[in-house]
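Position one of the sequence shown corresponds to residue 369 (my numbering), numbered consecutively onward.
Note that CB positions come from ideal geometry on N, CA and C, so glycine has one too.
As structure tokens, the structure follows; a few thoughts come after it.
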Amino acid sequence: MTATTPQTERREFQTEVKQLLHLMVHSLYSNKEIFLRELISNASDAADKLSFLALQDAALYEGDGTLQIRIETDEAAGTLTIADNGIGMSRDDVVANLGTIARSGTAEFIQSLSGDQKKDSRLIGQFGVGFYSAFIVAERVEVFTRKAGLAADQGVYWSSEGDGAFELGDWHGEQRGTRIVLHLRDEEKEFLSSWRLKELVRKYSDHVAIPVMMRDEPAKTEDGEPPAEPGWSQANAATALWTRNKSEVSDEEYQEFYKHLSHDFNDALSWSHNRVEGKLDYSSLLFIPAKAPFDMWQRDASRGLKLYVQRVFIMDDAEQFLPLYLRFVKGVVDTNDLSLNVSREILQNDRTVASLKSALTKRVLGMLEKLSGDAEKYQGFWNEFGNVLKEGVTEDMANQETLAKLMRFASTETGDAAQTVSLADYVARMKDGQEKIYYLVSDSHANAAGSPHLEVFRKKGIEVLLLSDRIDEWVMGYLNRFDEKDLEDISRGALDLGALEDEQEKQAQQDTDTAFAGLTGRIAELLQQDVDSVRTTHRLTDSPACLVVAEHDMGAQMRRILEAAGQQVPDSKPILEINPQHPLVERLNQEADEDRTRDLVMVIYEQARLASGEPLKDAPGYVRRINALLMQLV
């Protein structure tokens, strides 16, 4: 440390920070230049936050309202400095922001890292690298910072070599804001070149809305006198990208702005840039990510758009402008229809906000409709965000029809859980005379694909949608019709194939019901504690029996979810349907011995439970009964 370095205390990093630092340095070496983008982005955020707070307290500017970022190099010392005069940090802020990763999903993220450099570089980018990216190129990082509004002697010094600990001390800071000094590794001295740094600023940060200033090259003198002190010049355009005409913005500029905004390492999947004037007056720039963030399933995690009013930054994560099921969308909304002193509380009850939310929601859904025209791209989106989008079917009645078009499901036609079809695709392939869209909900794709409920549909060549995500039964409770076709769960209620069955088949079913009434009555008596009723079925061709949920009862998947959450569920029993053409059922119909009848009934019932994904109530008893039946074959 230099002689001017403050006295410090040594502290340990949070465990996740230690792991992240190690993996970043070793995984992002091929993308090391992104450190500058991340540090400039953080500095820009600090300036935005100061401008917002100064709306209420102009004294925070401390007489200097010209916000800027400065980049400076010292070739002799081997240092690169990025400084801003934004909001700055207090001692508590430094500990919270530079000593820990205060972000939901951190533990899951760390567990996902494997040590595979190529794989981990994508994951780290998905998580966002932020301040710690400095250690990709620096052997030591120093931070000098003072929060706006605090006294000069309340500045803070922070330093670390990225080795698991950091130094923390007091610092006398006349200037508010944050100065980060990177002591570059010997092999990273390319970042001392002004030309190289300006190239990176133009590449990654040209859209940053405040000036990024750099030292000019010292002017040469002809008389041998020392060169004059170089001045400063602006290295970026410093124009808010969403205020520009979209015809003037390149795809590369949009992608770099997305990475600046989201701290994502991946390119955005798509975006929409719009200027609206009329009843509403606003600009929006919305992005759909290619990869889901690690905290997407934490519904209380930070989300929302970056809000500007009349080009003035107001807040990050303004969640009032999009519904929860679109929480993966990143972007900016800049409106002239709100006041500069708007707060989160005001946003919740503002009619203008409700109108903006409706317009922006339709805009995002329109983006997704357009994206769905590219089947491969949309499949990638669906794999990442499909389960989140499904929530909209239950929450957004106004847009349910549009959302239904965006839904994707595995089906008996694809034969693969990863290949999905739309409801429109399904309807286009429906059989002549088919009046309903058939689907099956199970706890896994394998169980759905192997379900006995599919047997008659396979026999007749009727496509069935196979649903196995945890929220599917809940979602389908709201999605009842599509394209004037009812959606029907084939594991629920009595099966009616309508015109897909001829009169001869319907009469045969009635005759079978009558012929086997005695058997179904015997089985119902033996299983009265377990099933609601017993009946013959025409839905089975290969299996002896299956369980059916009564028309208005809760399905097994929803029941398991609620029970796992500790909620009470209403009592209900399934219906047992038997296949009278199956040899086991025929044998049962002829069996006179009561004990063997009871064992065979239990085995048939327990197999039906297993086929439906339900656990056995008496596994040892099932094994004993199976063994007894097998012994009769020996």
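Between M775 and the set Y746, Q802 and R695, the nearest pair of CA atoms involves Y746. With a cut-off of 8 Å on Cβ pairs, the stretch 881 to 899 is not in contact with the stretch 829 to 849, counting fewer than three such pairs.
Counting only unbroken stretches of 4 or more residues, the alpha helix (DSSP H) elements lying wholly within the stretch 881 to 929 are 885 to 894, in sequence order. L847 is the residue among L847, G532 and L428 whose C-alpha sits nearest the C-alpha of Q768.
If you look at P657, you'll find it in the beta strand (DSSP E) that goes Y650 to P657. In the three-state reduction of the DSSP assignment, W563 falls in the helix class. In the three-state reduction of the DSSP assignment, S859 falls in the coil class, being assigned neither a helical nor a strand state.
Assignment of A502 by DSSP, reduced to helix, strand and coil, places it in the helix class. The closest CA to that of E535, considering only E542, V524, S618 and A722, is found on V524. Secondary structure of M664 (DSSP, three-state): coil. D840 is bridged by DSSP to nothing; it lacks a bridge partner.
If you look at E803, you'll find it isn't in any beta strand (DSSP E); DSSP assigns it neither H nor E. If only uninterrupted alpha helix (DSSP H) runs of at least 4 residues are considered, those enclosed by the stretch 570 to 640 are 619 to 630. Apart from the 5 residues on each side of it in sequence, L715 sits with its Cβ closer than 6 Å to the Cβ of Q688 and V721 in its chain, given in chain order.
Judged by DSSP in its simplified three-state form, K647 adopts coil rather than helix or strand.
In the displayed model, I946 falls within a strand according to three-state DSSP. Annotated as distal: V991 and L895, with beta-carbon spacing of 8 Å or more. Around S980, the same chain offers L915 as residues with beta carbons nearer than 6 Å, after the five sequence neighbours per side are excluded.
The beta carbon of A451 lies closer than 6 Å to those of R438 and R547 in the same chain, with the five residues before and after it left out. For V761, same chain residues with a beta-carbon under 8 Å away, outside a window of 5 residues either side, are Q768, L771, A772, M775, V843, Y846 and L847 in chain order. Assignment of beta strand (DSSP E) within the stretch 393 to 474, counting only whole runs of 3 or more residues, yields 437 to 442 and 447 to 452 in chain order.
Rounded to the nearest angstrom, the Cβ distance from L637 to A658 is 4 Å, consistent with a contact under 8 Å.
For Y525, the enclosing beta strand (DSSP E) stretches over residues G523 to S528. For G537, the enclosing beta strand (DSSP E) covers residues A533 to W539.
Going by C-alpha positions, L565 is about 14 Å away from L550. Membership of F681 in the beta strand (DSSP E) is indicated by the continuous run V680 to A686. The way I'd put it, the stretch 402 to 418 does touch the stretch 568 to 579; three or more beta-carbon pairs between them come closer than 8 Å.
When DSSP reads this structure, E380 sits in a beta bridge with A533.
Between V701 and L724, the C-beta gap is smaller than 8 Å, which places the two residues in contact. Out of I656, Q787, A605 and N755, the CA that lies nearest to the CA of T729 is found in I656. Following the DSSP letters along the chain, one finds H551 inside the beta strand (DSSP E) bounded by residues G545 to L552. In the DSSP annotation of this structure, L1001 is not part of any beta strand (DSSP E), being labelled neither H nor E. In this structure the stretch 553 to 568 does not touch the stretch 512 to 529; the number of beta carbon pairs closer than 8 Å is below three. Here G541 is buried, its C-beta having at least 16 other C-beta atoms within 10 Å. Taking the Cβ atoms as the reference, V795 lies roughly 13 Å from F777, outside the contact range of under 8 Å.
Distances from the alpha-carbon of G498 to those of E443, L389, G599 and S601 put L389 closest.
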